[in-house]
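As given, the protein sequences belong to chains A and B, one line each in that order. FYI, the numbering for the first sequence is 1 to 383, going by this note's numbering. FYI, the numbering for the second sequence is 384 to 824, going by this note's numbering. Note that the Cβ used here is the ideal one computed from N, Cα and C, for glycine as well. Below is one structure, written out as structure tokens, with a few remarks after it.
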Amino acid sequence: MSDHLHLAVALDGAGWHPAAWRDPSAETGDLFTPEYWLRLVRLAERGTLDFVTIEDSLGLPGPGTVRGRLDALLIAARVAPLTSHIGLVPTVTTTHTEPFHVSTQLATLDYLSTGRAGWRAQVSARPGEAEHFGRRAIPAIDPATTDLDSPPVRALIAELFAEAADHVEVVRRLWDSWEDDAVIRDAATGRFIDRDKLHYIDFTGGHFSVKGPSITPRPPQGQPVVTALAHSRVPYEFAAAAADVVYVTPASAEQARAIAGEVRSLTDRPPLVFADLNVFLDPERKARLDALAGAPYASDAHTYTGDAAGLADLLLAWRSAGLDGFRLRPGVLPADLDAIVTGLVPLLRERGALRTEYTSTTLRGHLGLPAAANRYAPQEVSA
Amino acid sequence: MTKQVILAAHFPGVNNTTVWSDPAAGSQIAFESFRRLAQTAERGKFDFFFLAEGLRLREQRGRIHDLDVVGRPDNVTVLGGLAAVTTHLGLTATVNSTFNEPYELARKLASLDHLSGGRAGWNVVTSWDAFTGENFRRGGYLERDDRYSRAAEVLQTVKELLDTWAADEIVADRAAGTWSRHADPGAFAHTGRHVDIHGHFNVPRSPQGRPLIIQAGDSDAGREFAARDADAIFSRHGTLEEGKAFYADVKGRMARHGRRPDQLKILPASTFVLGSSEADAQERARHVRRQQVSPQTAILLLEQLWNKDLSDHDPEGPLPSFDPVPEQDSIIKGRARIFDDPLATAAKWRAIAEEKGLGIRDLVIELTGRQTFIGTAAKIAETIDDFVQQDAADGFILVPHIVPGGLDEFVDTVVPLLQERGVFRRDYTTTTLREHLGLTA
């Protein structure tokens with residue numbers, strides 16, 4: 001089992017290349033249909049991947065790409081009853097949303113999927129998204145004209161991640177706010193619950209205070225899997241403290257080693273460290289799309305262009321540098337996902353690096369995470 | 384064509400209508416329960432399925448209420464899952480306009496509408512209490528008068544957001560690289576007293592354009608809100624005379640807003656108990672009410688009227704010797720007070736208790752929670768048809784008392800009789816919820 005790497009796929013629109021929707025293979029007319037998303041997730045499940053993430057944001061993507069998206073958490077809910085093993089990890093923003101709603105929505109996804117829910121917790125620093133809520137202004141940060149190390153920018157980043165940390169803390173406390181055996185249905189006393197097993201979370205913070213308990217009983221996994229993408233020190237600190245899985249963006253095996261070490265050094269309870277990788281398994285297609293877009297594909301993460309064997313080599317090499325797994329971002333959907341499942345996955349299996357079938361039913365199980373202890377439950381006392 | 388009956392199914396909620404102590408009672412939280420009830424409603428060709436909302440657990444005397452069902456999943460997320468296991472049934476939920484922001488709310492509704500092929504609906508409710516606010520960013524309290532003005536403005540903003548994308552906005556011309564008809568799809572700006580936002584909505588127009596809008600308030604402001612903005616009302620008026628009065632009142636308000644009466648459907652929430660004979664149904668109804676009112680629940684309901692701790696009273700004993708405590712903080716939080724005039728109500732209860740020689744529990748069973756429809760399938764079908772043809776309702780939102788099997792008998796026995804009477808569809812002939820109800824966006 002320890003020889004296995006963890007493998008996830010990041011689903012977004014027609015794929016991660018901005019011109020992906022223009023490729024003849026893209027299912028551009030179906031992007032806002034449930035059938036499209038179900039096909040993608042079922043395809044990933046055929047590859048026995050650990051999970052899929054679904055991108056989301058509270059704003060409209062800019063010109064030159066697919067504009068418009070569906071709520072990622074609802075997409076996950078829609079596919080949950082029709083899939084059986086794969087983890088479902090929607091992106092939900094921490095910056096403008098209500099921790100109470102996010103907690104119950106993710107808990108509900110965990111019920112719908114009987115223990116396969118996760119969350120990609122995402123900070124929003126976009127001024128336009130703040131204007132969709134009207135509660136506060138977030139200044140525009142243009143890397144070309146703004147000094148990212150200037151005190152106001154550093155303060156903004158620190159504030160957004162501090163709020164994100166509070167958000168995750170509240171979501172997690174709410175998940176624990178019901179002990180697993182709180183529902184008793186005791187006809188003799190007429191009580192449906194043992195209310196001593198429900199807990200106020202009494203969180204007080206700078207952006208919100210939340211009393212609790214949750215309205216939703218503790219979800220099947222206890223704690224659904226929290227994940228976060230991180231590119232630098234402040235987000236590393238957030239992810240190391242708050243997440244079970246952190247996605248990082250090294251450009252080489254050496255960087256992967258350094259970043260994984262840095263993230264793990266920040267906490268006593270290190271998260272799993274995955275590298276994000278853009279994946280184009282048809283170099284000619286990528287060249288065509290780059291030409292259509294008028295520029296080579298640019299990304300925060302490393303881009304792999306080549307065949308499945310080369311990608312398998314890269315994954316195994318980087319895994320040896322200290323990574324636990326990978327989140328692959330298919331350049332074009334479903335084509336590159338199909339190539340991952342039919343090309344990469346068999347190679348990884350041959351090399352003993354990926355499961356040949358699911359051996360657990362929950363996302364925590366796939367990731368090898370221990371059963372989540374409830375912070376409010378009395379500790380077991382051994383006799 | 385004869386006026387058609389609208390039927391909706393309400394997943395049993397967190398009050399004592401729901402009997403959890405019955406051997407047939409299943410999980411209130413497992414998706415399987417929701418799937419089963421929704422699929423039963425779809426088998427019965429129902430118009431839609433309805434889920435209520437929870438934002439804070441109820442408390443009484445400062446403690447979490449533990450006698451009724453407690454806890455539920457997030458309703459819109461459940462509907463997302465139900466969209467996968469149903470094909471025609473409308474999928475509606477209550478979402479609070481105070482503790483949700485319009486942009487997010489519109490995204491959820493439009494996304495659900497896409498993911499269900501045009502079956503989404505929103506029951507717009509308002510909340511005003513600081514108690515619920517303790518779980519949310521805005522916290523605090525909304526003045527009673529501001530409730531409807533905020534709800535109206537949130538609804539208005541959501542409608543504006545849903546209208547930002549034209550149905551033909553996306554052209555997706557691969558060769559030319561043109562994604563949308565306009566360079567700036569989804570642009571909006573709303574400036575008002577409660578909502579001041581601008582930018583770009585990011586969900587393309589959904590199949591219904593605008594999901595069904597349901598409203599549940601009963602006050603004058605609530606009725607006006609419905610007459611102006613709602614497609615359906617979740618009403619409380621389940622008797623023939625009350626129903627006719629409410630129906631005439633609300634539909635009478637619509638012309639002032641430039642709307643026709645048939646553009647708003649009035650749907651009382653209703654409970655039912657079936658039996659093989661009239662006597663059998665009455666006996667079963669009484670049995671269900673005993674299940675609904677446990678000794679502990681009887682005291683608790685009495686406390687809501689008396690507004691005082693009555694835990695030292697014997698459920699089988701007489702009513703309190705003193706009068707209800709008026710005009711102070713309600714001892715119940717997370718739920719509206721259910722008695723308008725406690726002193727008069729208590730006097731009436733006392734008179735009935737003395738006349739019939741009833742103790743507390745038997746009195747509560749006698750006076751509260753009486754089911755809307757009790758009888759044989761034939762009688763209930765006739766009554767429903769009658770209510771609809773006499774304009775006491777356009778249909779009903781049925782609230783079974785058992786999860787998940789509580790609708791089976793109705794679907795198996797009453798629905799066929801309604802179909803025989805020619806007042807209910809034998810099969811779905813439309814695909815969207817609005818089409819089921821004969822409404823356009």
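Per DSSP, His-497 (chain B) is one residue of the alpha helix (DSSP H) stretching across 485-498. Looking at the backbone, the Cα of Val-332 (chain A) and that of Glu-55 (chain A) are separated by about 14 Å.
Contact of Pro-34 (chain A) with chain B is assigned, a C-beta pair being separated by under 8 Å. Within the same chain, no Cβ atom closer than 6 Å to the Cβ of Asp-745 (chain B) is found once the five residues on either side in sequence are excluded. Straight across, the Cα-Cα distance linking Lys-648 (chain B) with Phe-571 (chain B) is about 30 Å. With three or more CB-CB distances shorter than 8 Å, the stretch 148-163 of chain A counts as touching the stretch 116-135 of chain A.
Near chain A, meaning a CB-to-CB distance below 9 Å, the residues of the stretch 437-449 of chain B are Gly-437, Leu-438, Arg-439, Leu-440, Arg-446, Ile-447, His-448, Asp-449. Leu-112 (chain A) is positioned such that its CB atom lies no closer than 8 Å to that of Pro-90 (chain A).
At a Cβ-Cβ threshold of 8 Å, Ala-421 (chain B) and Thr-469 (chain B) count as neighbours.
Residue-level contact by beta carbon fails for Val-537 (chain B) and chain A, as no gap is shorter than 8 Å. For Asp-290 (chain A), the closest C-alpha among the options A:Asp-3, A:Gly-87, A:Leu-11, A:Trp-21 is that of A:Trp-21. Between Asn-398 (chain B) and chain A, the shortest Cβ-Cβ separation is not below 8 Å. Within chain B, the C-beta atoms nearer than 8 Å to that of Ser-209 (chain A) come from Glu-517, Gly-522, in chain order.
In the DSSP assignment, Trp-505 (chain B) forms a beta bridge with B:Ala-476, B:Ile-596. With the rule of 3 Cβ pairs closer than 8 Å, the stretch 141-154 of chain A does not count as touching the stretch 74-84 of chain A. In this structure, the beta-carbon distance from Val-452 (chain B) to Val-388 (chain B) does not fall below 8 Å. For the 8 Å CB-CB criterion, Asp-706 (chain B) and Leu-726 (chain B) form a contact.
Within chain A, no residue has its beta carbon less than 8 Å from that of Phe-756 (chain B); the closest one is some 26 Å off. For chain A, the residues of the stretch 488-501 of chain B that bring a beta carbon within less than 7 Å of one of its beta carbons are Arg-490, Lys-491, Ser-494, Leu-495, His-497, Leu-498, in chain order. When C-beta distances to chain A are compared with 7 Å, every residue of the stretch 746-772 of chain B stays at or above that value.
The Cβ atoms of Leu-801 (chain B) and Ala-424 (chain B) lie no closer than 8 Å to each other.
Remark: C-beta atoms of Thr-53 (chain A) and Leu-11 (chain A) approach each other more closely than 8 Å.
For Phe-133 (chain A), the chain B residues whose C-beta falls within less than 7 Å of its own C-beta are Glu-484, Tyr-486, Ile-580, listed in chain order. For the pair of segments examined, the stretch 636-651 of chain B was found not to touch the stretch 665-679 of chain B: the number of CB pairs separated by less than 8 Å stays below three.
The Cβ atoms of Leu-474 (chain B) and Leu-465 (chain B) sit closer than 8 Å to each other. Residue pairing by DSSP places Trp-119 (chain A) opposite A:Val-226 in a beta bridge.
Minimum Cα-Cα distance from Thr-561 (chain B) among the listed residues A:Ala-293, A:Arg-269, A:Thr-204, A:Arg-218 corresponds to A:Ala-293.
Below the 9 Å Cβ cutoff, chain A contributes Ala-80, Pro-81, Thr-108, Tyr-111, Leu-112, Ser-113, Thr-114 as neighbours of Phe-414 (chain B), in chain order. Here DSSP, grouped into helix, strand and coil, assigns Ala-242 (chain A) to helix. Looking at the DSSP output, Trp-178 (chain A) bridges to A:Leu-198. Partner residues in the beta bridge of Thr-93 (chain A), as assigned by DSSP, are A:Gln-122.
Within its own chain, the residues whose Cβ lies closer than 6 Å to the Cβ of His-497 (chain B), once the five positions on either side in sequence are excluded, are Ser-589, listed in chain order. A straight-line Cα-Cα distance of about 27 Å links Asp-692 (chain B) and Arg-669 (chain B).
Nearest CB-CB separation between Thr-460 (chain B) and chain A: below the 8 Å threshold. C-alpha of Tyr-236 (chain A) to C-alpha of Thr-249 (chain A): approximately 11 Å in a straight line. Closer than 8 Å to the CB of Val-402 (chain B) there is not a single CB belonging to chain A.
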